[in-house]
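Contents: one structure, followed by commentary.
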Amino acid sequence: MKIPRILLVDDEVAFANNILKLLSKRGYDVTAVNDGASAIRTLGEKEFDVVILDMKMPGMDGIATLKEIKKKEPLAEVVILTGHGSVESGIEGMQLGAFDFVMKPVSIDDLHEKVCQAYQRRLIEEERIKQQESGR
Amino acid sequence: MKLKLETAGNRGQTGGKRGGGNHYSRLYRKFVFLTLICSLAPLFLVGWGIYIYYSGFSRMKIESYFKSQVDHHRGIIELFLRERTSDLQLVVFTHSPDYLQKTPNLRRIFNVMNREGCFFTDLGIIDYQGRHLAYIGPYDLMGKNYSKTFWFKEVMKKGVYISDMFMGFRNAPHFIIAVLRTDGNRKWILRASIDTEYFRSLVENVKMGRTGEAYLSNREGILQTTPRFSGKIMEKAPLPAAFFHKESGIGILETDRDDPNQRFPRQIVAYTWLENPRWKLVIKQDYSEAFRDVNHANRAALIFLHLSLLVILIISVISTRYMVKVIKKRDEEADRLNKQLTQAGKLASLGELSAGVAHEINNPLAIILTENQVIRDSVEETPTLDESFKTELFTSLSQVDAQVQRCNLITQNLLRFSRRTISRLETVNLNAFLEEIIQLVEGRAKGMGIQFSADMEKDLPSFLSDTSQLQQVFLNLITNAFDAHDGKPYGTISISTRFNNQREGVEIVVADTGSGISPENMEKMFDPFFTTKPVGKGTGLGLSITYSIIKRLGGDISVQSEIGKGTQFNIFLPFMPPADVQENLDDVFVNPPSSA
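In the order they appear, the protein sequences are chains A and B.
Counting the first sequence from 1 gives a position; the numbering used here is that position plus 6.
FYI, the numbering used here numbers position 495 of the second sequence as 483, with every residue one higher than the one before it.
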């Protein structure tokens, strides 16, 4: 079975590192970057199934990064990390095509579940595309 | 002690910078003063102007009347004297002395002269040596020699002479008209004395009211007729001679203050000098009578002035009272709004701050939570560790989790307070909604011995509102009510709803029978982080959130409390939430996310 590839984008280095560790232990291939620009760059170098994207970042913010990701890699599912006060940005993100949003502080179990769901959807999407291509 | 506060923002109104009632009474006095000045100044100016003009005008009128009277009267007197003189001249130039010397002839002439009136008292013929040749009259003057008298010398010199009043041989005041006839070297004089009483009545024949009089006096100021009041014939006239320095004149003679008897009141005096004899005619009247009409008009004007004054005073007081009342009301309204604005501003800035803090805290909390998980994972992967140590460590880690969750709750509350949360407007059946909430907390209430009593308005219309926020409002209030019953074995929480037709909304009252709120706490109860609950039990955000939610939904909240008796929250909710809340709704929820 394929190992799900996760791109984690969060400017909080300690948080990113912890999530990296925890998700790696739970069987994911995780790459962590600390800003939007690096995320876009990394996305060009390697393919990812799920992107975990923090909304509030200095420089290129979550929404801009999300738009860029959706342009570059439409199939990558995006799970948004947001604070309680920025539910709006989470909803905005979903309108822009994100899979779902989770609120910080998030327990690893909740995050794990969301990532799992996102990965499942990514697989279903891939399957649908394959079928469409073979059916043509 | 009973205390009522409209909102937290309403307090301390009377102690504000306006200094309470004192300020308004000062304002009141100032306004009254100003309006009085503004209305009285023109009133007095106009009144004074009219008074001056009218007084001058009427004085001029009266004076000219007096002047014409005195001139006219002089004409009459002079005419009389001229006529009498010409009577005598006619006789003396048409009759010879021999004829006239005969007494019957003289009597016939005397009778003819007096036919039209008793002008003459007597009539006599005097020769050039001053001897009385013939005499008709009541006195025994025959044979008297006049050669030494003043009038005899004058008539011999001038031909015609009208004397001043004098006593003469008859020893009674009289005056004479004498006419000289020269015929060759014969000279004789026809002399007649004018009837003093007749002459007096002629002079007096100017009726000038009750106090008016007219008289004649000669150059030396000796009265030639007896005036009505002041003095007698041949006496010194009472008015000072200095007053009559002109040929004719008119003036006001002031009361002589040095006169101990104050005999003469203020008078208007008109005078004129006769040509021949040089007598002056004086007409005078008491000032008060002459100017009675003017004074009357002035008094009437004064009464009107006082009436207007009174009316102005009353109007000014009433209008000022009304104005000050309006201002006071406006001030109070402004004060209230100001306080509300201050409170709103305070809450808004606190909201900003809280939102910032909450955000900043979220990140470390997230790290702590993940860090905790990392430790947990590492411990689980290390089989060599002692089981009891592991158990203890996991307990501690769980505690860390729990405390992080607590912090999380606080930040959530903070963010909710800071209005960063989104309204989700939906139709609310308030009565059913409140019943649901009561059901939700009834179990807990029973355990504390608290009863619920609901008094709902029937047929309350459903309206648009945010149910989740309303739920929070009422849960907050009910939780507080529960806490207020701490230490009491039983109590009641009553919830009622009333339709408010006037304001188009609903009034909700949540009242408890708890411990009540002290006035000093009442001032701060809507402030964020203010709590009377023990540390760890309350965040002090409940009522702040309640307040901001109600305000955000376009309503208001007020509280009444009495220590030991309970607290009552009065909430008003409009049927239509404010436009901005509805706008927000349009943006976010009317177009639901397509990918959801």
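From the three backbone atoms N, C-alpha and C, an ideal C-beta is built for every residue, glycine too.
For residue i, the first and last residue of its enclosing beta strand (DSSP E)
{"i": "S482 of chain B", "result": "479 to 488"}
{"i": "S546 of chain B", "result": "544 to 550"}
{"i": "Y259 of chain B", "result": "255 to 261"}
{"i": "I505 of chain B", "result": "No beta strand (DSSP E) contains I505 of chain B, which DSSP labels as neither H nor E."}
{"i": "A166 of chain B", "result": "163 to 171"}
{"i": "F231 of chain B", "result": "Premise fails: F231 of chain B is in no beta strand (DSSP E) and is neither H nor E."}
{"i": "G585 of chain B", "result": "Because chain B here runs from -11 to 584, residue 585 of chain B falls outside it and cannot be looked at."}
{"i": "N264 of chain B", "result": "No beta strand (DSSP E) holds N264 of chain B; DSSP gives it neither H nor E."}
{"i": "L589 of chain B", "result": "With chain B covering only -11 through 584, there is no way to say anything about residue 589 of chain B."}
{"i": "D17 of chain A", "result": "Run containing D17 of chain A: none; DSSP gives neither H nor E here."}
{"i": "I58 of chain A", "result": "56 to 60"}
{"i": "F451 of chain B", "result": "451 to 454"}
{"i": "D374 of chain B", "result": "It is not in any beta strand (DSSP E) - D374 of chain B carries neither H nor E in the DSSP assignment."}
{"i": "A38 of chain A", "result": "35 to 39"}
{"i": "L269 of chain B", "result": "268 to 274"}
{"i": "S113 of chain A", "result": "First-last for S113 of chain A: undefined, no H or E at that position."}
{"i": "L87 of chain A", "result": "83 to 88"}
{"i": "L241 of chain B", "result": "236 to 241"}
Expected contact under 8 Å - CB spacing of residue i and residue j to nearest Å
{"i": "V121 of chain A", "j": "A104 of chain A", "result": "So it is not a contact: roughly 13 Å between Cβ atoms."}
{"i": "F163 of chain B", "j": "D152 of chain B", "result": "6 Å"}
{"i": "V108 of chain A", "j": "D115 of chain A", "result": "No, V108 of chain A and D115 of chain A are not in contact; Cβ-Cβ is about 11 Å, not under 8 Å."}
{"i": "A180 of chain B", "j": "L111 of chain B", "result": "5 Å"}
{"i": "L241 of chain B", "j": "L227 of chain B", "result": "7 Å"}
{"i": "P149 of chain A", "j": "L353 of chain B", "result": "Since the first residue of chain A shown is 7 and the last is 142, residue 149 of chain A is not available in this structure."}
{"i": "G89 of chain A", "j": "N350 of chain B", "result": "5 Å"}
{"i": "I271 of chain B", "j": "F54 of chain B", "result": "6 Å"}
{"i": "L13 of chain A", "j": "Q361 of chain B", "result": "Not really, about 20 Å apart at Cβ, beyond 8 Å."}
{"i": "V39 of chain A", "j": "T48 of chain A", "result": "6 Å"}
{"i": "I114 of chain B", "j": "I177 of chain B", "result": "4 Å"}
{"i": "V167 of chain B", "j": "T109 of chain B", "result": "At roughly 16 Å, the Cβ-Cβ gap does not stay under 8 Å, so V167 of chain B and T109 of chain B are not in contact."}
{"i": "T23 of chain B", "j": "S304 of chain B", "result": "4 Å"}
{"i": "D60 of chain A", "j": "V15 of chain A", "result": "6 Å"}
{"i": "L385 of chain B", "j": "T415 of chain B", "result": "Incorrect: roughly 46 Å between the Cβ atoms, too far for contact."}
{"i": "Q273 of chain B", "j": "I291 of chain B", "result": "Contact flag wrong, Cβ pair sits at about 26 Å."}
Extent of the continuous alpha helix (DSSP H) to which residue i belongs
{"i": "M109 of chain A", "result": "No alpha helix (DSSP H) holds M109 of chain A; the beta strand (DSSP E) holding it covers 106 to 109."}
{"i": "I78 of chain A", "result": "Residue 78 of chain A is actually Lys in this sequence, not Ile. Its alpha helix (DSSP H) spans residues 68 to 78."}
{"i": "D500 of chain B", "result": "D500 of chain B -> not in any alpha helix (DSSP H); beta strand (DSSP E) instead, spanning 493 to 500."}
{"i": "I431 of chain B", "result": "According to the sequence as given, residue 431 of chain B is Gly; it is not Ile. Unbroken alpha helix (DSSP H) run through G431 of chain B: 418 to 436."}
{"i": "P85 of chain B", "result": "85 to 89"}
{"i": "V93 of chain A", "result": "93 to 101"}
{"i": "F517 of chain B", "result": "Here F517 of chain B belongs to no alpha helix (DSSP H), and DSSP marks it neither H nor E."}
{"i": "D59 of chain B", "result": "9 to 82"}
heavy atom of the ligand MN below 7 Å from residue i C-beta
{"i": "G554 of chain B", "result": "Of ligands this structure carries none, so the ligand MN is not represented either."}
Exercise for review: Could you please tell me which residues of the region 356 to 381 of chain B, in chain order, have their CB closer than 7 Å to any CB of chain A?
Suggested key: L357, T358, E359, Q361, V362, D365
Point to revise | Inter-stretch contact at 8 Å, needing at least 3 Cβ pairs: the region 306 to 322 of chain B / the region 482 to 497 of chain B | key: no
**Study point:** chain A contacts made by the region 384 to 402 of chain B, where a contact means CB separation under 7 Å
**Key:** V392, N396, T399, Q400
Practice item. Output, in sequence order along the chain, the residues in the region 105 to 119 of chain A whose CB is closer than 7 Å to any CB in chain B. Key: Residues K110, P111, V112, S113, I114.
Check your understanding: Pairing CB atoms from the region 440 to 447 of chain B with CB atoms from the region 510 to 524 of chain B, are three or more of them under 8 Å?
Key -> no
Exercise for review: Quick one: which unbroken alpha helix (DSSP H) runs of 4-plus residues sit fully inside the region 101 to 158 of chain B? Chain order, please.
Suggested key: 138 to 146
Practice item. Pick out the complete alpha helix (DSSP H) segments inside the region 176 to 224 of chain B, 4 residues or longer, and give them in chain order. Key: You should have 184 to 192.
Review point. Going along the region 10 to 41 of chain A in order, which residues come within less than 8 Å of chain B, judged by CB to CB distance?
Key: E18, A20, F21, N24, I25, K27, L28, K31
Check your understanding: Name the residues in the region 55 to 70 of chain A whose C-beta lies less than 7 Å from a C-beta of chain B; which are they?
Key -> Within the region 55 to 70 of chain A, no residue qualifies.
Practice item. Output the residue ranges of the beta strand (DSSP E) runs that lie fully inside the region 326 to 359 of chain B and measure 3 residues or longer, sorted by chain position. Key: none
**Study point:** Cβ contact (3+ pairs, closer than 8 Å) linking the region 278 to 296 of chain B and the region 90 to 98 of chain B
**Key:** no
Check your understanding: For the region 333 to 357 of chain B, which residues have a CB atom closer than 7 Å to at least one CB atom of chain A, in sequence order?
Key -> Within the region 333 to 357 of chain B, the residues whose Cβ lies closer than 7 Å to some Cβ of chain A are A343, A346, H347, N350, N351, L353, A354, I355, L357, listed in chain order.
Check your understanding: Quick check: the region 205 to 222 of chain B against the region 179 to 197 of chain B, are there 3 or more CB pairs under 8 Å?
Key -> With a cut-off of 8 Å on Cβ pairs, the region 205 to 222 of chain B is in contact with the region 179 to 197 of chain B, counting three or more such pairs.
Exercise for review: Inspect the CB distances between the region 118 to 138 of chain B and the region 203 to 211 of chain B and report whether three or more fall short of 8 Å.
Suggested key: no
Practice item. For the region 497 to 510 of chain B and the region 478 to 485 of chain B, state whether three or more C-beta atom pairs, one from each stretch, are separated by less than 8 Å. Key: yes
Review point. Is it true that the region 324 to 335 of chain B meets the region 58 to 72 of chain B, where meeting means three or more beta-carbon pairs spaced less than 8 Å apart?
Key: no
Review point. Between the region 85 to 102 of chain A and chain B, which residues of the former have a C-beta closer than 7 Å to a C-beta of the latter?
Key: G89, H90, G91, V93, E94, I97, M100, Q101
Review point. Is the region 356 to 370 of chain B close to the region 554 to 566 of chain B, with three or more CB pairs under 8 Å?
Key: Counting Cβ pairs under 8 Å, fewer than three are found: no touch.
Practice item. Taking 8 Å as the threshold, find out whether the region 310 to 325 of chain B comes into contact with the region 10 to 27 of chain B through three or more Cβ pairs. Key: yes
Check your understanding: Fully enclosed by the region 276 to 313 of chain B, which beta strand (DSSP E) runs are 3 residues long or longer?
Key -> none
Practice item. Could you tell me whether the region 419 to 438 of chain B touches the region 539 to 548 of chain B, using the rule of 3 or more Cβ pairs below 8 Å? Key: no
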